[in-house]
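Everything on this sheet refers to the single structure shown next.
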Amino acid sequence: MQEYKARGYQRRYLRAPYKEDILFADSGHIFKAKTLNISEGGVLLDNIGHFPEHNHHIAFMVCLPQFPMFKNYTLERLRNHNPEVLEAKVIRFYAKIARKLSLGKKIDGIFASKIGLQIQEISDFDQAKISHYVDVFSSNLIYLQVLIDTINDDKNNLEKI
Numbered sequence: 537m538q539e540y541k542a543r544g545y546q547r548r549y550l551r552a553p554y555k556e557d558i559l560f561a562d563s564g565h566i567f568k569a570k571t572l573n574i575s576e577g578g579v580l581l582d583n584i585g586h587f588p589e590h591n592h593h594i595a596f597m598v599c600l601p602q603f604p605m606f607k608n609y610t611l612e613r614l615r616n617h618n619p620e621v622l623e624a625k626v627i628r629f630y631a632k633i634a635r636k637l638s639l640g641k642k643i644d645g646i647f648a649s650k651i652g653l654q655i656q657e658i659s660d661f662d663q664a665k666i667s668h669y670v671d672v673f674s675s676n677l678i679y680l681q682v683l684i685d686t687i688n689d690d691k692n693n694l695e696k697i
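In the numbering used here, the protein residues as written are 537 to 697.
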């Protein structure tokens with residue numbers, strides 16, 4: 537039997553997928569990058585073309601959609617839900633590079649596959665928005681699992697899924 541090996545660290549914050557653009561400033565210019573996930577502690581960027589060389593307090597802005605708690609929705613409300621009309625919250629923060637993950641070759645040193653950012657400065661209000669986003673995602677994921685686990689108990693569960 538193969539022995540389980542711990543990674544040696546445990547994440548401080550729960551993450552949620554977030555596959556949208558994020559804006560950041562460098563030398564008076566605004567750039568955008570794709571994100572993979574977000575947590576109260578940071579953001580994981582993907583396929584970044586340009587990224588600042590300095591590693592201190594880079595200004596970021598992200599627009600988080602406000603998903604509902606689907607466990608509070610009736611079947612009829614789920615049927616009528618339109619994700620394109622979700623309210624969004626703009627979040628601003630400063631971050632620094634926590635890690636760079638390169639899965640392939642860099643082309644002339646300007647392409648990094650993934651960059652993990654650590655949030656350095658954020659208002660309590662914006663921090664709460666990220667926390668809410670992650671909490672709602674987690675709650676909806678658990679609700680989905682409950683629906684799957686009880687699919688035979690309620691004829692509407694399959695349609696809710």
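Using N, Cα and C, we set each Cβ at its ideal position, and we do this for glycine too.
Sorted by chain position, which residues of the same chain lie with C-beta nearer than 7 Å to residue i's C-beta, five sequence neighbours on each side aside?
i: Glu695; result: Leu611
i: Ser675; result: Met605 and Lys607
i: Asp662; result: Ile627, Arg628 and Phe629
i: Ala624; result: Cys599, Leu600, Pro601 and Gln602
i: Val672; result: Phe603 and Met605
With H, G and I counted as helix, E and B as strand and the rest as coil, what does DSSP make of residue i?
i: Glu539; result: Its pLDDT being 46, under 50, Glu539 is placed unreliably in this model, and the value from its coordinates should be taken loosely. DSSP places Glu539 in coil when its eight states are reduced to three.
i: Arg551; result: coil
i: Lys696; result: helix
i: Asn573; result: strand
i: Asp689; result: coil
i: Leu622; result: coil
i: His586; result: coil
i: Glu612; result: helix
i: His565; result: strand
i: Phe603; result: coil
i: Ser667; result: helix
Can you list, in chain order, the residues of its chain whose CB lies under 8 Å from that of residue i, leaving out five sequence neighbours each side?
i: Tyr630; result: His593, Ile594, Ala595, Phe596, Ile655, Gln656, Glu657 and Ile658
i: Ile687; result: Asn693, Leu694 and Ile697
Looking at residue i: is its Cβ nearer than 8 Å to the Cβ of residue j?
i: Arg547; j: Asn573; result: no
i: Leu614; j: Phe606; result: yes
i: Tyr554; j: Thr571; result: yes
i: Leu653; j: Gly564; result: no
i: Leu683; j: Ile697; result: yes
Closest by CA to residue i, which one among the options?
i: Pro619; options: Ala634, Leu637, Thr571 and Leu600; result: Leu600
i: Ile558; options: Arg613, Asp662 and Ile627; result: Ile627
i: Ile584; options: Ile633, Asn616, Asp690 and Ser563; result: Ile633
i: Lys650; options: Phe587, Lys665 and Glu623; result: Phe587
i: Lys636; options: Glu556, Lys570, Leu580 and Gly564; result: Leu580
i: His668; options: Glu589, Glu576, Gly652 and Leu677; result: Glu576
i: Lys665; options: Val598, Glu556, Ser563 and Glu589; result: Val598
i: Tyr679; options: Tyr609, Asn616 and Leu622; result: Tyr609
i: His590; options: Asp690, Asp562, Val621 and Leu622; result: Asp562
Going along the chain, which residues of its own chain have a beta-carbon closer than 6 Å to the beta-carbon of residue i, five neighbours each way excluded?
i: Phe560; result: Phe567, Ile594 and Phe596
i: Asn692; result: Leu611
i: Gln681; result: none
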